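Residue numbers (the working numbering): 754 to 906.
All C-beta atoms, glycine included, are put in the ideal place defined by N, C-alpha and C.
Since we're looking at a predicted model, the values are computed, not measured.
For reference, the structure is listed below as structure tokens.
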Ligand code: ADP
């Protein structure tokens with residue numbers, strides 16, 4: 754079984770995240786979406802609410818599971834038997850950040866990180882952008898995934 758862990762804050766889960774999942778599904782037998790707390794980011798949506806909405810999105814996809822965690826990603830990967838960490842890259846800034854984390858995670862545990870480049874049409878999408886729009890009372894639903902018509906039941 755090739756199992757990938759897709760860790761993130763997902764506050765909220767965006768069309769950019771959904772695109773990464775959809776494109777990574779053919780590579781793995783199972784993808785575990787791991788909702789964590791980022792010590793550098795202020796949480797907006799409660800953890801349980803984030804989990805519920807991601808679960809609802811992938812209800813029909815048995816190869817996707819959602820978990821929460823608040824320890825090191827590599828420790829969770831070990832607990833879950835995941836051999837890979839999956840991450841998305843939108844920009845040079847993401848790239849350098851992801852490279853440092855991937856190198857550290859490999860140093861800590863030997864686990865490999867698989868990076869998928871963002872679709873150019875989603876490269877501007879971020880959870881923080883959605884939180885900002887919402888804070889000004891704007892509708893951000895165009896940046897949120899709907900029940901995914903591409904996924905088989
Ligand atoms: P974190 O707090 O760990 O950065 P995020 O929820 O912000 O978690 O993002 C999780 C992963 O998804 C990260 O690898 C991030 O680079 C990636 N990601 C976020 N938005 C997009 C997007 N629009 N396109 C592709 N990847 C994205």
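With a cutoff of 6 Å, residue 804 does not count as near the ligand ADP, since its C-beta is closer than that to no heavy atom of the ligand. Secondary structure of residue 840 (DSSP, three-state): strand. Ranked by Cα distance from residue 806, the first of 823, 788 and 816 is 788. At a threshold of 6 Å, residue 820 does not count as near the ligand ADP, since its beta carbon sits no closer than that to any of the ligand's heavy atoms.
Taking C-beta separations shorter than 8 Å and ignoring five residues to either side along the sequence, the partners of residue 866 in its chain run 837, 838, 839, 840, 851, 854, 855, 858 and 859, following chain order. For a cut-off of 8 Å, the C-beta gap from residue 763 to residue 770 is around 6 Å, short enough to register as a contact.
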